[in-house]
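Heads up: the structure comes next, in C-alpha cells.
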Amino acid sequence: MKFNSDPSKIARSNYSDESRTVSMNIRNRRSIYADQYVKKELPNELLDEILINATWAPNHKMTEPWRFIVLRGKYLQEYGEYMANYYTEFYAKQLSPEALEEKLDYLRNYALNATCMIGIILVQNRKINLPEWEEIAAVSSAVQNMALTCTANNIGNYWSTKNVAIDYIAQFGLTENEKSLGILYLGYYPEDLEMSRKKRTPLSKKVMYLQ
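Position one of the sequence shown corresponds to residue 868 (the numbering used here), numbered consecutively onward.
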C-alpha cells in the first residue's frame, strides 16, 4: 500500500457558494453557554425547522432512535431550582455559607435567558436490536444537525451531558427502552460576544491516505 502524506487540494474557487456556507457553519459552530444568553423569543417556525433537521440525521435501518422534549416557560425556572437542590450538598462541603448561597443563586438563574431547553432521549429499538453505540451515534448526529441549524441562524446552543441534566430529563416518563442523554440549550447571544477560537489538529496528524 502507498501512503500519501500530501494529497492534492481542491482550489477554494472550485467550491459552490452552498458548499462554502456549509463549511463555514461547521467551522464556526461553538458551544455558547446559557449564562451568556440574552432574553429573546425563538419563533415557533424556526424551532420546528431545528427539530425537523434533527430527524434527518443518518440512522442504521431507519430506527430513528431519538425523542425530544421541548422545555420552555416555567421549566427554565424549575430546572434552575432542580440544579440548586441537586448540588447543594456537593458545594456545601467546599464553600463558605456566603459563597454557597451565591453559587446556588447562579444555578437557579442559569437557564432563565434560554429560549428553550431540549431534552435529548435515546429510544432503543428492541425488535431490530442494534448495538447501543450505533443508536447513540445517530442521536449525536441529530443533535449536531440542530447545532448547525442554530449556528446558521445565529442561535447559541450547547449540549449538556452532566448527570444533573441527564437525571432531570429522566423524570419525564421515559419507558424501559429509553435513556436520557441530557439537555440541549438554545438561546440568543449578544452581538459583541467574543467567540472561542479553539483550533483543530492538522489533518496530517489525524488522517492517513492509502491508495
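All residues carry an ideal CB built from backbone N, CA and C; glycine is no exception.
> Taking the C-alpha atoms as reference points, what is the distance between A959 and Y973?
Replying inline: 15 Å
> With burial defined as no fewer than 16 other Cβ atoms inside 10 Å of the residue's Cβ, what is the status of N871: buried or exposed?
Replying inline: Because N871 carries a pLDDT of 40, less than 50, the predicted location of this residue cannot be relied on, and no value is offered for it.
> Are the segment 980 to 998 and the segment 891 to 908 touching by the rule of at least three beta carbon pairs closer than 8 Å?
Replying inline: yes
>> Using a Cβ-Cβ cutoff of less than 7 Å, which residues in the same chain neighbour V1006 once the five nearest sequence positions on both sides are dropped?
In response: P932, W933, I987, L989, L1048
>> I'd like to check one pair, N895 with T1018: are the Cβ atoms closer than 8 Å?
In response: yes
>> For a quick check, are the C-beta atoms of L1051 and W1026 less than 8 Å apart?
In response: yes
> Since I1036 and I936 are thought to touch, with beta carbons under 8 Å apart, how far apart are those beta carbons, to the nearest angstrom?
Replying inline: 7 Å
> Which runs of the alpha helix (DSSP H) fall wholly inside the segment 944 to 1010 and span at least 4 residues, in chain order?
Replying inline: 964 to 976
> Comparing alpha-carbon positions, which option in E885, L967, R897 lies nearest M1013?
Replying inline: R897
>> What residue range does the beta strand (DSSP E) around R934 cover?
In response: 933 to 938
> For K928 versus L997, is the C-beta spacing smaller than 8 Å?
Replying inline: yes
> Got a sec? Which residues, its chain only, sit under 7 Å from I995 by beta carbon, not counting five neighbours each side?
Replying inline: K928, T930
> How would you call S875, buried or exposed, if buried means at least 16 neighbouring beta carbons within 10 angstroms?
Replying inline: Legend: pLDDT at S875 = 39, less than 50; position of this residue unreliable, value from coordinates given subsequently. Result: exposed.
>> Taking 7 Å as the limit between beta carbons, can you name the residues of its chain near E1061, skipping five residues before and five after?
In response: none
> Would you say N920 and T1016 are within 8 Å of each other, going by their C-beta atoms?
Replying inline: yes
> Got a sec? Which residues, its chain only, sit under 7 Å from P1057 by beta carbon, not counting five neighbours each side?
Replying inline: V905
> Rounded C-beta distance between E1002 and Q1011? I'm assuming under 8 Å.
Replying inline: Actually they are not in contact, since the Cβ atoms of E1002 and Q1011 sit about 15 Å apart, beyond 8 Å.
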